[in-house]
Amino acid sequence: MAKKLAVVAIGGNSLILDPKKVTVEDQYIAAAQTSKHIADMIEAGWDVAIGHGNGPQVGFILRRSELAAKYEGMHEVPLDVCGADSQGAIGYSIQQTLQNELIRRGIKKPVATIVTQVKVDKNDKAFQNPTKPIGGFMEEAEANKRQTELGWNMVEDAGRGWRRVVASPIPQEVVEIESVHTLINAGTVVITVGGGGIPVIDDGMGGCVGVAAVIDKDFASSLLARLIKADLFVISTAVEKVAINYGKPNEKWLDKMTLAEAKAYLAEGIHFAKGSMAPKIEAIIMYLENGGTEALITNPENIGRALKGETGTRVVKE
Ligand code: ADP
Ligand code: MG
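Under our numbering, think of the first position of the sequence shown as 15, with each following residue one higher.
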């Protein structure tokens, strides 16, 4: 069999196994577990490019930045740089644990992380209506000050205080895609578009400039899968399968969906929760409608079994 290429998107939440165990060391253990399952895939003959989330991790970085500013007068870290920091740290833990796992199995294959910028359209309508809450809560006076001085968009969150919201625009372009191609062609396992990529816009001179926004990692991984013409798009998350009527008495776990079924279920609006499963299904639809053939949603420990068709939810073109 000719080597096949897969994109595996790892959930930021799946790198936190227990909400009470969130230290860097704990996250490293979680990364090591996921890396074992990805090593199984590589051992089974797959070439792999890895995308990952960063929701909880970027939250920790922002919190540190806020506390250091409040109590020590330190400079705050801008959101795009928090994203870059998280790509580096999460990428490091995946590249080290996966590389170690491959070495132990006698597989000679380099693993490397690319700090990745993802271009968004500055006219994306998401910028007119930022909805994604970021960072800690604050008092109204502080919120007003930041709105005036820094141009932040602030919203009051159900009596808990004021919080910054940013846009979540659609990813248009992976700036480092040439380097991604080069590394994949050289046999390297590439970790890229971490946290959905660092959002950048056109700087008007053919270059890029960072913006305060967040990109959905499922959307960015889908774009990556389309750009590198992956044969398979795997979304590794906290559930073994996808359900329709999720959480309801008539919940039904699915082994398989066609593209048409996925679109119909999504349109019904009752099956996939907004902000968690819905973006994954949308990401898969975009992949299948733009050259992709097959996608799989399962949890890290079941990737091997799901590839053999024993579990997971498979989404196929027809
Ligand atoms: P990730 O960090 O991997 O993106 P999310 O928490 O964003 O994880 O999304 C995965 C979660 O989506 C699952 O853990 C599950 O609780 C939830 N979910 C929502 N709707 C469904 C559904 N229809 N079937 C399965 N899981 C669902
Ligand atoms: Mg998610």
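Glycine included, C-beta positions come from ideal geometry on N, C-alpha and C.
From the options, residue whose alpha carbon lies closest to that of residue i
{"i": "W176", "options": "F74, G150 and H195", "result": "G150"}
{"i": "G211", "options": "H285, A287, N199 and V129", "result": "V129"}
{"i": "I191", "options": "L238, R119 and G102", "result": "L238"}
{"i": "P395", "options": "A44, A23 and I24", "result": "An answer regarding residue 395 cannot be provided, because it is not within the stretch 15 to 332 covered by the chain."}
{"i": "A20", "options": "K35, C222, S235 and A274", "result": "S235"}
{"i": "F247", "options": "I298, V253, D217 and D216", "result": "I298"}
{"i": "V72", "options": "A244, D138, E86 and G26", "result": "G26"}
{"i": "A252", "options": "K133, G305, T48 and D216", "result": "T48"}
{"i": "L164", "options": "L93, T145, I104 and N143", "result": "L93"}
{"i": "K133", "options": "F286, G220 and I284", "result": "G220"}
{"i": "I108", "options": "M168, S28 and E187", "result": "S28"}
{"i": "Q110", "options": "E187, E154, I52 and S79", "result": "I52"}
{"i": "E115", "options": "Y106, A46, E86 and G105", "result": "A46"}
{"i": "K262", "options": "R78, A287, I24 and R240", "result": "A287"}
{"i": "R139", "options": "G289, A227 and A82", "result": "According to the sequence shown, residue 139 is Lys rather than Arg. Cα-wise, what sits closest to K139 is A227."}
{"i": "E80", "options": "D245, A172, E187 and R178", "result": "R178"}
{"i": "W267", "options": "A276, A278, K277 and E254", "result": "E254"}
Beta-carbon proximity check, residue i vs residue j, cutoff 8 Å
{"i": "P293", "j": "D232", "result": "yes"}
{"i": "V125", "j": "I148", "result": "no"}
{"i": "V64", "j": "V22", "result": "Rather than Val, the amino acid found at residue 64 in this sequence is Ile. Yes, the Cβ-Cβ distance between I64 and V22 is below 8 Å."}
{"i": "V256", "j": "V62", "result": "no"}
{"i": "V214", "j": "V207", "result": "no"}
{"i": "E57", "j": "I121", "result": "yes"}
{"i": "T127", "j": "Q101", "result": "yes"}
{"i": "S182", "j": "D135", "result": "no"}
{"i": "V194", "j": "I242", "result": "yes"}
{"i": "G59", "j": "K123", "result": "no"}
{"i": "D54", "j": "G305", "result": "no"}
{"i": "L280", "j": "E296", "result": "yes"}
{"i": "T327", "j": "N316", "result": "no"}
{"i": "A320", "j": "T307", "result": "no"}
{"i": "N259", "j": "H285", "result": "yes"}
{"i": "I184", "j": "G105", "result": "no"}
{"i": "P144", "j": "N167", "result": "yes"}
{"i": "I30", "j": "Q41", "result": "yes"}
{"i": "D18", "j": "D245", "result": "The sequence as given places Lys at residue 18; Asp does not occur at that position. Yes, Cβ-Cβ distance for K18 and D245 is below 8 Å."}
Heavy atom of the ligand MG within 7 Å of residue i beta-carbon
{"i": "S100", "result": "no"}
{"i": "G25", "result": "yes"}
{"i": "G209", "result": "no"}
{"i": "S28", "result": "no"}
{"i": "G67", "result": "yes"}
{"i": "S236", "result": "no"}
{"i": "S250", "result": "no"}
{"i": "S2", "result": "Outside the displayed span of the chain (15 to 332) sits residue 2, for which this structure offers no information."}
Closer than 7 Å: residue i CB and nearest the ligand ADP heavy atom
{"i": "Y85", "result": "no"}
{"i": "V256", "result": "yes"}
{"i": "F286", "result": "yes"}
{"i": "S290", "result": "yes"}
{"i": "V253", "result": "yes"}
{"i": "Y301", "result": "no"}
{"i": "Y260", "result": "yes"}
Cutoff 8 Å: residue i Cβ touching any chain C Cβ
{"i": "D171", "result": "Here chain C cannot be found, since the structure has a single protein chain."}
Starting from the N-terminal side, write out each stretch of the alpha helix (DSSP H) that is 4 residues or longer and does not extend beyond the stretch 270–296. You should have 273–282.
Give the list of continuous alpha helix (DSSP H) stretches no shorter than 4 residues that lie fully inside the stretch 90–151. You should have 93–118.
Three CB pairs or more closer than 8 Å across the stretch 60–68 and the stretch 88–106: Counting C-beta pairs closer than 8 Å gives three or more between the stretch 60–68 and the stretch 88–106, which meets the contact rule.
Starting from the N-terminal side, write out each stretch of the beta strand (DSSP E) that is 3 residues or longer and does not extend beyond the stretch 175–224. Counting whole runs of 3 or more residues, the stretch 175–224 contains the beta strand (DSSP E) stretches 176–180, 203–205, 212–216 and 222–224.
Contact the stretch 323–332 vs the stretch 270–277: 3+ CB pairs below 8 Å: They touch, by the three-pair rule.
Contained alpha helix (DSSP H) runs [length at least 4] in the stretch 31–79, N- to C-terminal order: List check, alpha helix (DSSP H) in window: 38–57.
Residue ranges of each beta strand (DSSP E) run of no fewer than 3 residues wholly in the stretch 224–258, ordered along the chain? Correct list: 246–250 and 256–258.
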